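Asker: Counting from 0, one number per residue, gives the positions in the sequence shown under numbering that gives the first Met the number 0.
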Amino acid sequence: MSDKREKSGRSSSAVRPRDLKLLTDTVERERSTLMALFHVIQAVNSSLDLEEVLSLVIDYIIQLTQAERGFLMLLNQVGELEFKVARNVDQETIEGASFDISRTIVQGVVRQGRSVVTTNAQEDPRFSARESVVSFQLRSILCVPLRVKDQVTGVIYVDNRYKSGIFGDRHRDLLTAFANQAAVAIENARLFTETQRRAKQLAAALARQEELDRLKSEFIRNTSHELRTPLAIIQGYAELLEHGELGELSPEQRQPVSAITARARELNKLLDDFATILEVGEQDWPSEPVDLAVVVRVVAADYQADAQKAGLTLSTEIPPDLPLVQGNPSHLQRMVDNLLSNALKFTPSGGCVWLRLGVQGINVCLEVSDTGIGISPDQFERIFERFYQVDGSPTRRYGGTGLGLALVKEVVEAHGGWVTVESELGEGSLFRVLLPCVP
Ligand code: ADP
Numbered sequence: 000m001s002d003k004r005e006k007s008g009r010s011s012s013a014v015r016p017r018d019l020k021l022l023t024d025t026v027e028r029e030r031s032t033l034m035a036l037f038h039v040i041q042a043v044n045s046s047l048d049l050e051e052v053l054s055l056v057i058d059y060i061i062q063l064t065q066a067e068r069g070f071l072m073l074l075n076q077v078g079e080l081e082f083k084v085a086r087n088v089d090q091e092t093i094e095g096a097s098f099d100i101s102r103t104i105v106q107g108v109v110r111q112g113r114s115v116v117t118t119n120a121q122e123d124p125r126f127s128a129r130e131s132v133v134s135f136q137l138r139s140i141l142c143v144p145l146r147v148k149d150q151v152t153g154v155i156y157v158d159n160r161y162k163s164g165i166f167g168d169r170h171r172d173l174l175t176a177f178a179n180q181a182a183v184a185i186e187n188a189r190l191f192t193e194t195q196r197r198a199k200q201l202a203a204a205l206a207r208q209e210e211l212d213r214l215k216s217e218f219i220r221n222t223s224h225e226l227r228t229p230l231a232i233i234q235g236y237a238e239l240l241e242h243g244e245l246g247e248l249s250p251e252q253r254q255p256v257s258a259i260t261a262r263a264r265e266l267n268k269l270l271d272d273f274a275t276i277l278e279v280g281e282q283d284w285p286s287e288p289v290d291l292a293v294v295v296r297v298v299a300a301d302y303q304a305d306a307q308k309a310g311l312t313l314s315t316e317i318p319p320d321l322p323l324v325q326g327n328p329s330h331l332q333r334m335v336d337n338l339l340s341n342a343l344k345f346t347p348s349g350g351c352v353w354l355r356l357g358v359q360g361i362n363v364c365l366e367v368s369d370t371g372i373g374i375s376p377d378q379f380e381r382i383f384e385r386f387y388q389v390d391g392s393p394t395r396r397y398g399g400t401g402l403g404l405a406l407v408k409e410v411v412e413a414h415g416g417w418v419t420v421e422s423e424l425g426e427g428s429l430f431r432v433l434l435p436c437v438p
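If you want it as C-alpha cells, here you go:
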C-alpha cells in the first residue's frame with residue numbers, strides 16, 4: 000500500500016527538469032535582488048551626506064526596475080515638491096528641460112500616500128487625453144511615496160517613455176519596501192545637514208558676538224584711559240578750591256565747587272568700575288588676605304552723608320573677629336560700593352538700607368538690603384548681565400550704566416564666591432554675597 004502511494008505520489012508531483020531550472024532561476028533572481036536591496040539599504044543608512052544618499056537611492060532604483068529615468072522629489076517646508084535628483088539609466092544627471100513627468104500621478108501619490116504602477120499609461124483609463132502622461136508620450140510609470148512616521152515626505156518616480164509593461168506589482172512592492180527604508184535615511188541625512196547648517200550659523204554668530212565684546216572692551220579701555228588724566232586734573236583743582244588752598248571761597252562759590260568735586264569723584268568711580276570689570280576678566284590681578292569689615296566700613300562712611308541728604312537711614316552690622324577673605328581689596332571695594340549705591344539709588348526717601356556681615360559655613364557673608372522699589376523675579380537673571388537695566392529707556396527715572404551688578408557678579412565669581420538676590424516689587428531687595436574665608 001505505502002509502496003503504491005509512494006509510486007503514485009512520485010508520478011503526480013514530479014517536476015520536470017525545465018520547470019525546476021525556471022524555479023531555481025526565479026529563486027536565485029529573488030535572492031540576488033534581496034541581497035542587492037540589503038546592501039544598498041546598508042549603504043544608504045551608513046551615510047549622512049544628503050546628496051550621496053539621494054544619488055545612491057535613485058541609481059539603485061533605476062537598476063532594480065530597469066527604468067529609463069528616475070526622479071526623487073521631496074516636499075519642502077511649504078508643502079511643495081522639489082526635484083532633488085533626476086538620473087537616467089546611465090547614471091547621468093538629467094537636466095531641467097527633460098523633467099516632463101506625470102504631475103497627476105505624482106500629486107496623487109503625495110495626496111493618497113499609495114504607490115501607483117501603470118504598464119501602459121497611454122491606454123490607462125485613469126488618465127484622460129489632457130494628462131501629461133499622454134502629451135509627454137509616457138508609457139510605463141512607477142511612483143511610490145517616501146514616508147516617515149506616516150507622513151509623506153516625498154516621492155520616487157521612475158518611468159519609461161518607449162517601452163510599455165516593464166513594471167509589475169513585484170517592482171512596486173519591492174520599491175515600496177525600499178522607499179520606506181530610504182525615506183528614513185533621507186530624513187536623517189536631511190536633519191544632519193540642517194543641524195550642520197545651524198551649527199555653522201551659530202558658530203558664526205558666536206564669533207561675531209565675541210568680536211563685538213572684544214571691541215566693546217577695547218572701547219571702554221581706551222575711553223577710560225583718555226578720560227583719566229583730564230578728570231584727575233579737574234578733581235585735583237576742584238579739591239584745592241574746596242579746601243581754600245587757592246584762596247578763600249565766597250559763600251556763593253562753595254556749593255558749586257563742592258558739586259564739581261562730588262561729580263568728579265563719581266566719574267572717577269565709574270572709571271574705576273570700567274577698569275575693575277576689564278581686569279577681573281583677565282584673571283591676572285594681585286590678591287591678598289582682605290578684611291571685608293574694613294572695606295564695608297570705608298564704603299559705608301563714604302555714603303553716609305549722601306544717605307542722610309536723601310532722607311535714608313544707612314546702618315551697618317559688623318561682628319567682631321570676622322575671618323579674612325583672599326582677594327583684591329580695590330575690586331572688593333568696587334563690589335560693595337556698587338551694591339550700596341544701588342540700594343541707596345533705588346530706595347525712596349524715608350527708607351532704610353543695611354550692610355550686614357557674618358559667617359556662613361566656610362564663607363564670609365555680606366548682605367546689602369533695602370526697603371526700596373524692589374525687582375520683579377523675572378529680572379533676577381538679567382540684572383547681572385553687562386549693560387542691562389530693568390528700565391533702560393531714555394526717559395528712565397534712575398541713572399546708571401547697567402554695569403554695576405555685572406561687576407558685582409564678575410568680581411565675586413573671580414574670588415570663588417557667588418551672589419544671589421531676593422526681592423519683591425514695592426517691598427525691597429536683598430543681595431547676598433558669599434566669599435570663601437582664608438583657611
Ligand atoms: P545700574 O547702573 O542701572 O544701577 P546695575 O547693573 O547696577 O545697573 O543694576 C541693573 C538693574 O538692576 C538696575 O537698572 C535696576 O533696575 C536693578 N537694581 C539693581 N539694584 C537694585 C535695587 N537695590 N533695587 C531695585 N532695583 C535694583
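C-beta: ideal position from N, C-alpha, C; glycine also.
The model shown is predicted, which means the values in this text are computed figures rather than measured ones.
Does the beta-carbon of Glu409 have 16 or more other beta-carbons within 10 angstroms, so that it is buried, or is it exposed?
Answerer: Counting from 1 along the sequence shown, the entry for residue 409 is found at position 410. That one is buried.
Asker: If you run the structure through DSSP and keep just helix, strand and coil, what is Leu53?
Answerer: Locating residue 53 in the sequence shown gives position 54, where the first residue counts as 1. Leu53: helix per DSSP, three-state reduction.
Asker: Would you report the Cα separation of Leu291 and Leu239, rounded to the nearest angstrom?
Answerer: As a position in the sequence shown, residue 291 is number 292, starting the count at 1. As a position in the sequence shown, residue 239 is number 240, starting the count at 1. Each residue's Cα considered, the two are about 32 angstroms apart.
Asker: What would DSSP say about Val418, mapped onto helix, strand or coil?
Answerer: Against the sequence shown, residue 418 aligns to sequence position 419. Residue state, collapsed to three classes: strand.
Asker: What is the DSSP secondary structure of Phe345, reduced to helix, strand or coil?
Answerer: By one-based count along the sequence shown, residue 345 stands at place 346. DSSP, read as helix, strand or coil, puts Phe345 in coil.
Asker: Report yes if the C-beta distance between Val143 and Val154 is below 8 angstroms; otherwise report no.
Answerer: On the sequence shown, residue 143 is found 144 positions in, with the first residue counted as 1. On the sequence shown, residue 154 is found 155 positions in, with the first residue counted as 1. Taking 8 angstroms as the Cβ cut-off, Val143 and Val154 qualify as a contacting pair.
Asker: Judging by CA-CA distance, which residue of Asn337, Leu141 and Ile317 is the nearest neighbour of Ile276?
Answerer: Residue numbering aside, residue 276 sits at position 277 when the sequence shown is read from its first letter. Of all alpha-carbon atoms in Asn337, Leu141 and Ile317, the one lying nearest the alpha-carbon of Ile276 is that of Asn337.
Asker: When we look at the beta-carbon of Thr419 and count the other beta-carbons within 10 Å, is it buried (16 or more) or exposed?
Answerer: For the purposes of this step, residue 419 is taken as the residue at position 420 of the sequence shown. Flag for Thr419 reads exposed.
Asker: Would you mind stating whether Ile258 and Gln234 have Cβ atoms separated by less than 8 angstroms?
Answerer: In the sequence shown, the residue the question calls residue 258 occupies position 259. In the sequence shown, the residue the question calls residue 234 occupies position 235. At residue 258 the sequence reads Ala, which differs from the Ile that was named. For Ala258 and Gln234, no; Cβs fall outside 8 angstroms.
Asker: With three or more beta-carbon pairs closer than 8 angstroms as the criterion, would you say the stretch 65-77 touches the stretch 28-36?
Answerer: no
Asker: Which of helix, strand or coil does DSSP assign to Phe177?
Answerer: Locating residue 177 in the sequence shown gives position 178, where the first residue counts as 1. Helix, per DSSP.
Asker: In the DSSP assignment, find the beta strand (DSSP E) that holds Ala85 and state where it starts and stops.
Answerer: Taking the first residue of the sequence shown as position 1, residue 85 is located at position 86. Start and end: Leu80 to Asn87.
Asker: So the candidates are Leu321, Ala237, Lys162 and Gln208; which of them puts its Cα closest to the Cα of Val363?
Answerer: Taking the sequence shown and counting its residues from 1, the one referred to as residue 363 is at position 364. Looking at the Cα atoms, Leu321 is the closest of the given residues.
Asker: Excluding sequence positions up to five away, which residues of its chain have a Cβ less than 6 angstroms from the Cβ of Trp353?
Answerer: Looking up residue 353 in the sequence shown gives position 354. Ser314 and Ser368.
Asker: Note down the Cα distance separating Asp2 from Glu29, rounded to an integer number of angstroms.
Answerer: Numbered from 1 along the sequence shown, position 3 holds the residue referred to as residue 2. Numbered from 1 along the sequence shown, position 30 holds the residue referred to as residue 29. Bear in mind that the predicted position of Asp2 carries a pLDDT of just 47, short of 50, making it unreliable; the figure below should be weighed with that in mind. Between Asp2 and Glu29, the C-alpha separation is close to 37 angstroms.
Asker: Taking 8 angstroms as the threshold (C-beta atoms), are Glu244 and Val256 in contact?
Answerer: Reading the sequence shown from its first residue, position 257 is the one you call residue 256. Reading the sequence shown from its first residue, position 245 is the one you call residue 244. No, they are not a contact pair.
Asker: Evaluate Val43 with the Cβ neighbour count: other Cβ atoms within 10 Å of its Cβ, from every protein chain shown; 16 or more gives buried, anything less gives exposed.
Answerer: Looking up residue 43 in the sequence shown gives position 44. Buried, by the Cβ-count rule.
Asker: Name the residue from Ile60, Leu266, Gly280 and Gln378 whose alpha carbon lies nearest to the alpha carbon of His414.
Answerer: Here residue 414 corresponds to residue number 415 of the sequence shown, with the count starting at 1. In terms of CA proximity to His414, Gly280 leads the group Ile60, Leu266, Gly280 and Gln378.
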